[in-house]
Amino acid sequence: MVFDKVQEDGEMIRAAVQDLEEVLPFVDAVAATRTEMRPVQRAAAIPHTRSSVPSSAPRKAAAAPVAPSKPRAKAVVPLSFTSLQTPRDNTPISDIYARYRPQRIEIASAQEHPTPLVESIAMASVAPPMPSNTGSDDLRLPAKLIEEGHLSEAQLETIIMAHDAHGRDLPGRFTIDYDQTKLTRADDDQDARAYRLGYFLGDGTGCGKGRECAGLILVNWLAGRRKAIWVSKSATLIEDAIRDWTDLGGSPADIQPLSKWKSDQPVPMGDGILFVTYATLRSAGKCGTTRLSQILEWMGAEFEGVLAFDEAHAMQNAAGSEQGRGVKPSQQGLAGLRLQLAAPRARVFYISATGATSVHNLAYAARLGLWGQGPEYPFPSRESFVSAMEAGGVAAMEVVARDLKTLGLYTARALSFDGVEYDVLEHALTPAQIEIYDAYAGAFRTIHHNLEAALTATGVNDASGETNASAARASAKSRFESTKQRFFNHLLMGMKAPSIIHAIKDDLATGKACVIQVVSTGESLLKRRLETMDPEDELVEGALTPRDYVLGYLEQAFPIHAQKLVEIDGNMVAEPLRDETGALVVSREALALRDAAMMELMTLAPIPSALDQILWAFGDEAVAEVTGRSIRPLKSEDGHLFIEKRAASSNSSETQAFMDGEKDILIFSDAGGTGRSYHAAQTAKNQKRRRHYLLEPGWRADAAIQGLGRTHRSAQVSAPFFRVCTSDVHGEKRFTSTIAKRLDQLGALTKGQRETGSQGMFREEDNLESPIARAALRGYFADLAAGRAEAMSYESFTDWTALRLIDKDGVLLEELPPIQRFLNRVLALPIHMQNALFAEFMRRIADQTERARAAGTLDLGVETLRGEKIEQVSTEDLWTCPKSGAVTRIIGLEVTDPVHVLSADDALSRNPDKLPMVNRASGRAALISARPMQMYDEDIVTLMRKAVRPNGSSYLEETRFESSAWEDIGRPEFARLWDAEAASLPKTTTIKLYLLTGLLLPIWKDIPTTNERIYRVTPDGATAMIGRTLSEEGAAALRARFLVSNPQTPQEMLTAALGTTAPVDLGRGLTLTRRRVAGEMRLELGGADRGMIDGLKALGCFTEIIAFQLRVFLPHGDGIDTAGILSRIVGTGPDATWDVTSVAAE
43 MVFDKVQEDG EMIRAAVQDL EEVLPFVDAV AATRTEMRPV QRAAAIPHTR SSVPSSAPRK
103 AAAAPVAPSK PRAKAVVPLS FTSLQTPRDN TPISDIYARY RPQRIEIASA QEHPTPLVES
163 IAMASVAPPM PSNTGSDDLR LPAKLIEEGH LSEAQLETII MAHDAHGRDL PGRFTIDYDQ
223 TKLTRADDDQ DARAYRLGYF LGDGTGCGKG RECAGLILVN WLAGRRKAIW VSKSATLIED
283 AIRDWTDLGG SPADIQPLSK WKSDQPVPMG DGILFVTYAT LRSAGKCGTT RLSQILEWMG
343 AEFEGVLAFD EAHAMQNAAG SEQGRGVKPS QQGLAGLRLQ LAAPRARVFY ISATGATSVH
403 NLAYAARLGL WGQGPEYPFP SRESFVSAME AGGVAAMEVV ARDLKTLGLY TARALSFDGV
463 EYDVLEHALT PAQIEIYDAY AGAFRTIHHN LEAALTATGV NDASGETNAS AARASAKSRF
523 ESTKQRFFNH LLMGMKAPSI IHAIKDDLAT GKACVIQVVS TGESLLKRRL ETMDPEDELV
583 EGALTPRDYV LGYLEQAFPI HAQKLVEIDG NMVAEPLRDE TGALVVSREA LALRDAAMME
643 LMTLAPIPSA LDQILWAFGD EAVAEVTGRS IRPLKSEDGH LFIEKRAASS NSSETQAFMD
703 GEKDILIFSD AGGTGRSYHA AQTAKNQKRR RHYLLEPGWR ADAAIQGLGR THRSAQVSAP
763 FFRVCTSDVH GEKRFTSTIA KRLDQLGALT KGQRETGSQG MFREEDNLES PIARAALRGY
823 FADLAAGRAE AMSYESFTDW TALRLIDKDG VLLEELPPIQ RFLNRVLALP IHMQNALFAE
883 FMRRIADQTE RARAAGTLDL GVETLRGEKI EQVSTEDLWT CPKSGAVTRI IGLEVTDPVH
943 VLSADDALSR NPDKLPMVNR ASGRAALISA RPMQMYDEDI VTLMRKAVRP NGSSYLEETR
1003 FESSAWEDIG RPEFARLWDA EAASLPKTTT IKLYLLTGLL LPIWKDIPTT NERIYRVTPD
1063 GATAMIGRTL SEEGAAALRA RFLVSNPQTP QEMLTAALGT TAPVDLGRGL TLTRRRVAGE
1123 MRLELGGADR GMIDGLKALG CFTEIIAFQL RVFLPHGDGI DTAGILSRIV GTGPDATWDV
1183 TSVAAE
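Here the sequence shown stands for residues 43 to 1188, where the numbers follow the working numbering.
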């Protein structure tokens, strides 16, 4: 602290103190040297009083008369809490959320959060560990912040848990690779370092993450660690950081941006908070200097302060991606990773409401201990962790968040959604719009045909259609497809604008304020148009439409230059043909094809962008625009367009105008989607209820969620009403599907439950990129190629979509188009074709879903298990984590339900597409599909028929159906047989179910993968729990793995084999391994030589030739005594000893 500033030179006195009592001697010493002091004229009282947080930067302070010393209460007090041995059970308020309060601690004098908080049901089902008292002397805060609620109970809990995590290290010691982006455990290496554990704050928008970060820095500041790094997304967010810091009593001068100094200069600041943007972090300076090295120099080798990564998802591509065409690691992701690894003792604090949209993007979270902790943990490397989680699907991602909370490394709360409403605003295309859309679809068909012809004319393709230059062909077609996708996205947005404008008018008339969320602004299109216009030409609406994207493609990327074939290293490749002057040779035929396509396109009606239509409809005096546009087209009173320049400060002033009530409409893009608030704040003049229109969610789930959080925040007068804007064009599912999939993944990874990602706005069926949808599509492709599809013929499908499904011999291709490409092509079909195709495809998905549900393999996320009676019949402690003490348990349940049976008449009316049949062998009736359907499972396409019986439904392979005893039957006899069987069924049914609960990641590789359904269940007289389902065999296998050291008996061997893919030793050179063969689970005997085969078959085994190899299997299934056969094989059953030769001879 700097005391005393007078109009004379003199030495400044600086001192670090813990509380006000220690300040007084210094103040008295200064006062004693001043014989004459005048009272200072005080300004009007300011409501907010700053706490005594020492500052590193000198600042002016007016001297005042020193009052006589008198006793004062301590300003800084320990952050006291009581640990709860029994975790608090937070009450569910829906199938998705539970009310939130700290489960493990009671904080003295803490105040509840000003707005109620919730947590996903999945996260609420587990509790964090009790924080230790180690280092609690460091845990101190100004009393005022606790008692007056400047930091709420939930925020204080975050600080306590992060402080506790920072008191622990990753197991072992580590070295860094040459690229400084990967840790390797090397306990015996003398250069290896111990790394401090990090903590991840995943609270949703509006929970006060910035203040939690400031609070953690303040705790460390008061403990003497007065250097901190605050990394954030953009330079403007320093204002938020300063606000959060000063709200806790700090000084604005304590936070300084790194950009204040050149990269080749040392940072002269002593103590303080260095604010760094991710863009600055990745940048390099002159003479090879980097910002990273500059930061590390300021931090020092033994830096132990807080290293906070705000908006940590900005680093999410730290490891790149191998999906699709592959993506290289981002430079800022790598820079963030290097900064973490270069400071092993730093207290790393990740902050993000949207930590990762896929598990691959968690690569930056190197300090959470998810991988690389040594041989006793299942994931030796980042790659193995990512591979295992991706193989486990969304269910595995949900486990990551829950287990991190169980380990005390993660928390993720959200503002309560009480009062928040949702609906869908669906725009029905008018006949005129349908005509325009169909015309554009026809134009794109022409462009595509002309593109293929142009590739042949220029020599890229030969006469047969095969390519001579794969790179040139791929480039031309890829650019065309991305242009087409962007065009139809903008076209649909523009067509929806009239419905949105009408809805906004209704909202304004009823006293609401409207917020519209978009991604695209069309600025690049506007600038390109202005560059090509004559200054004297008048700007018209038709010049600013998405059509220009396609015209730009045709002008710049359509192949018109001739190619020639040359031989390079023995390979024939194509390269551009040049004339004697070196100019590129233009193919006249290709040029004519391009011009024809442009001519057809320019005759079609233009549709302006939705953003501009809304701005023109209400006028800029009523609409606040918070986007990244530097120029925009506006309409004058006479209807003429003119260009307005936007200042860099426009976004701030426009936001303020909206919050002050000067404007009641606000449109924002990604540039206004982070860090800003548009909610009905208690402190804002504009307190009208917000109607938030999600017009364009975009491709990034994290950005979409950040945008939704702009209108739903703490201390609001009213909760927002969200409206998802869509249309009746089925092809638009191309866009909702991708965002729905990524929101599912995001919710799973960051909130432990997929439904929290979309917050109820997207349904499971909106995700057309699920494994079930992919399987349905493969079966549908097979039907299309075989001419069995009803929507259109294969020839018409290929003509419109240019997708090939069969080779020259008519055989279905091994590599079929992925679902994203299929959806892209469907988007460019005429409306009636889209609707017919999608209706048929969605029926396939429904059938595939029902089949998965019947098989028990449907992954729906956290399902609530309901029953007439649910009993908890057993509890077994399977494994206890040595680090956290968290226990993994197997819970045995018995669920009793009434049996609901349809009458014959109801069954017939509900299944009009199925035939009444009787099985002459059993005498039982069923309704069976009139025709078979292609079903895809485990890389095999099979023809299946659905059979509906009184006790449920199942699927029959066509070959088995044809050889079975099923026959057509008249309705009267069918009804008699059906009702007779229905009457004989029991009134209730009881099933046995096992749940695996608690910490799962450390034993991930041992968990059976046959069924990954997640249930939330409240047994009679017990507390609620969430767990992953296990079969009887799976539960037995886990018992054998953890409760029995080595399987000794045949039953233990069998259960161990069923629960893992690892081979189980049977003795005598034989092993038993669980395999998946042709979609079925089998038990394979390994190690059997030729002389043992007949003996094993005599004992009950069977053989099969697969891929030219004879393989031996142990039979397994209903009615088969697998354990008895295995007993005879290992020699412990009734046939205690057996000789292969003698058994075979018998």
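Glycine included, every Cβ here is placed at the ideal spot set by N, Cα and C. Note that the structure is predicted; figures quoted are calculated from it, not measured.
Buried or exposed: which applies to residue i, given that a residue is buried once 16 or more other Cβ atoms fall within 10 Å of its Cβ?
{"i": "Ser1169", "result": "buried"}
{"i": "Glu1015", "result": "exposed"}
{"i": "Leu626", "result": "exposed"}
{"i": "Phe1150", "result": "exposed"}
{"i": "Met431", "result": "buried"}
{"i": "Glu195", "result": "buried"}
Please look up how many angstroms separate the CB atoms of residue i and residue j, rounded, as I've assumed it's under 8 Å.
{"i": "Ala652", "j": "Ile542", "result": "7 Å"}
{"i": "Ile673", "j": "Glu686", "result": "7 Å"}
{"i": "Leu1108", "j": "Met1095", "result": "6 Å"}
{"i": "Arg886", "j": "Tyr822", "result": "5 Å"}
{"i": "Thr938", "j": "Glu910", "result": "5 Å"}
What residue does the alpha helix (DSSP H) around residue i start on, and which one ends it?
{"i": "Ile1135", "result": "1135-1140"}
{"i": "Gly1076", "result": "1074-1084"}
{"i": "Lys487", "result": "Correcting the residue type first, residue 487 is Arg in the shown sequence and not Lys. From DSSP, the alpha helix (DSSP H) with Arg487 extends over 473-499."}
{"i": "His205", "result": "195-207"}
{"i": "Ser1026", "result": "1013-1026"}
{"i": "Glu281", "result": "280-289"}
At the level of alpha carbons, what is the spacing between residue i and residue j?
{"i": "Pro1157", "j": "Ala827", "result": "37 Å"}
{"i": "Asp306", "j": "Gly342", "result": "17 Å"}
{"i": "Ile1135", "j": "Val442", "result": "45 Å"}
{"i": "Glu738", "j": "Cys556", "result": "15 Å"}
{"i": "Pro1130", "j": "Gly1173", "result": "First, the amino acid is wrong: residue 1130 is Ala here, not Pro. When rounded, the distance between both Cα atoms is 15 Å."}
{"i": "Glu679", "j": "Phe710", "result": "24 Å"}
{"i": "Phe317", "j": "Asp296", "result": "10 Å"}
{"i": "Leu657", "j": "Lys569", "result": "18 Å"}
{"i": "Leu1037", "j": "Tyr139", "result": "21 Å"}
{"i": "Ile284", "j": "Ser293", "result": "8 Å"}
{"i": "Ile476", "j": "Ile873", "result": "7 Å"}
{"i": "Thr753", "j": "Leu550", "result": "17 Å"}
{"i": "Asp229", "j": "Ser423", "result": "16 Å"}
{"i": "Lys275", "j": "Ile747", "result": "16 Å"}
{"i": "Leu581", "j": "Leu683", "result": "6 Å"}
{"i": "Ile1167", "j": "Gly1142", "result": "6 Å"}
{"i": "Arg816", "j": "Ile861", "result": "6 Å"}
{"i": "Leu383", "j": "Gly244", "result": "22 Å"}
Say yes only if the C-beta of residue i is nearer than 6 Å to one or more non-hydrogen atoms of the ligand FAD, and no if none qualify.
{"i": "Ile489", "result": "Of the ligands one can find in the structure shown there are none, so the ligand FAD has no counterpart to examine."}
I'd like the span of the beta strand (DSSP E) that includes residue i, first residue to last.
{"i": "Tyr1036", "result": "1030-1039"}
{"i": "Ser633", "result": "Strictly speaking, residue 633 in this sequence is Leu, with Ser absent from that position. Where Leu633 is concerned, there is no enclosing beta strand (DSSP E), although the alpha helix (DSSP H) it sits in stretches over 630-644."}
{"i": "Leu1108", "result": "1106-1109"}
{"i": "Gln153", "result": "Taken as a continuous stretch (DSSP letters only), Gln153 belongs to no beta strand (DSSP E), as it is neither H nor E."}
{"i": "Asn961", "result": "956-961"}
Inset, instruction - Take every Cβ of the stretch 232-246, pair it with every Cβ of the stretch 199-212, and state whether three or more of those distances are shorter than 8 Å. - result: yes
Inset, instruction - Count the CB pairs spanning the stretch 728-743 and the stretch 751-761 that are closer than 8 Å, and state whether there are at least three. - result: Counting Cβ pairs under 8 Å, three or more are found: they touch.
Legend entry - contact_flag[the stretch 876-885, the stretch 981-997] where n(CB pairs < 8 Å) is 3 or more: They do not touch, by the three-pair rule.
Inset, instruction - Assess, as a yes-or-no matter, whether the stretch 195-206 is touched by the stretch 249-261 under the definition of 3 or more beta carbon pairs within less than 8 Å. - result: yes
Inset, instruction - Evaluate contact between the stretch 188-196 and the stretch 147-157, counting only Cβ atoms and requiring at least three cross-stretch pairs below 8 Å. - result: yes
Inset, instruction - Evaluate contact between the stretch 911-930 and the stretch 853-864, counting only Cβ atoms and requiring at least three cross-stretch pairs below 8 Å. - result: no
Inset, instruction - Examine the Cβ distances between the stretch 1038-1050 and the stretch 1073-1085 and report whether three or more of them are shorter than 8 Å. - result: Yes: at least three Cβ pairs fall under 8 Å.
Legend entry - Inter-stretch contact at 8 Å, needing at least 3 Cβ pairs: the stretch 585-603 / the stretch 633-640: yes
Inset, instruction - Count the C-beta pairs between the stretch 372-389 and the stretch 346-356 that are closer than 8 Å, then say yes if the count reaches three, no if not. - result: Cβ pair count under 8 Å is three or more, so yes.
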